[in-house]
Amino acid sequence: MKPGLILRTVAAAAALSLCAIATAAPGGVNAGACKGTVYLTFDTGSMSQAQLIADTLRRHRVHATFFLANEKTIHGDSTLDDGWVPYWKSLAADGHAFGTHTFDHVYYKGEAGAGKVRFRPQFGEQGGRSVVWGEPEFCAELKRSAERFKAMTGQPMDPLWRAPGGHLSATTERWAQQCGFAHVAWAPAGFLGDELPSERYSNAALLDKALASLRDGDITMAHLGIWSRKDPWAPADLEPLITGLERKGFCFATLRDHPQYKAWFAAHPAAH
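Going by our numbering, the first residue of the sequence shown is number 93, and it counts up by one from there.
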């Protein structure tokens, strides 16, 4: 067994033993008297900070929403490979929510006419190449992540998706809705900056900006690891972001509880 897989398996097993505690507690220490709610979300990525993020959320009993694509990781595998099953199972047991980020991290590249759209998958057999899809192919791509998540965890994926890079059109948004997925963007203040160059955007500056700008109902966005950033964001900023927002009276919840998506969840129970 690979060392990385051993470490992830051991960490996930330890996490599962704490699930009853984590899921029984409110989303933040001030959950009984919230002045507002912030919705933390994480996309996949290099996975360099995946365990740290999971451990930090668990320690603070905070629930978040994760968007899954099958991306290459620092361990040489991919995020939805068998080696990551213990990780995703532990997060699911903790009570987090999950949406699809397309399976091959597929970027929208423009309309192609006649009910077709041009995309560029980042990974997979067509990685780096331009493809033209209609609604059936696009819907199938969204569902690939959902099907893999259910196979890994035994739980259905939530009826949510996030377009890689946040790039979408009215066409792709409509297609996704027709096959059961509502799109989730992020608030301007919710862009936490973990993908920006640390030489120009220090962790201290990013933290200060987030704490000063985030408001009730805001959705944040960060990743489980970024290849290019030299000074990783999560080890420096995630815990002080959580505690700083809690001191300001904020609580945390998954997108299942976001006012914008409550009606969608009621009409589209997770069945993917």
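C-beta: ideal position from N, C-alpha, C; glycine also.
Cβ contact annotation for residue 214 (same chain, cutoff 6 angstroms, sequence separation greater than five): 197, in chain order. Within the same chain, and ignoring the five residues on either side of residue 279 in sequence, the residues whose Cβ sits closer than 6 angstroms to its Cβ are 310 and 311. At the C-beta level, residue 155 and residue 346 come within 8 angstroms of one another. Contact annotation, residue 222 with residue 235: C-beta distance approximately 22 angstroms; criterion of less than 8 angstroms not satisfied. As DSSP reads the structure, residue 157 sits in a beta bridge with 133 and 189. The C-alpha of residue 167 lies about 28 angstroms from the C-alpha of residue 153. The criterion of a C-beta distance shorter than 8 angstroms is not satisfied by residue 300 and residue 325. The segment 140-153 and the segment 176-186 touch, with three or more beta-carbon pairs separated by less than 8 angstroms.
About 5 angstroms separates the beta carbon of residue 138 from that of residue 319, a gap short enough to meet the 8 angstroms contact definition. The residues 306, 310, 312, 337, 342 and 344, in chain order, have a CB closer than 7 angstroms to that of residue 130 in the same chain once the five nearest residues on each side in sequence are set aside.
For residue 210, the enclosing beta strand (DSSP E) begins and ends at 208-213. In the displayed model, residue 127 falls within coil according to three-state DSSP, outside both helix and strand.
Shortest Cα-Cα distance from residue 357 to any of 322, 248 and 291 involves 248. In the structure shown, residue 271 adopts coil according to DSSP, grouped into three states. Just so you know, the alpha carbons of residue 283 and residue 193 end up roughly 17 angstroms apart.
Of all alpha-carbon atoms in 257, 291, 290 and 250, the one lying nearest the alpha-carbon of residue 271 is that of 250. Straight-line measurement puts the Cα of residue 224 at about 10 angstroms from the Cα of residue 205.
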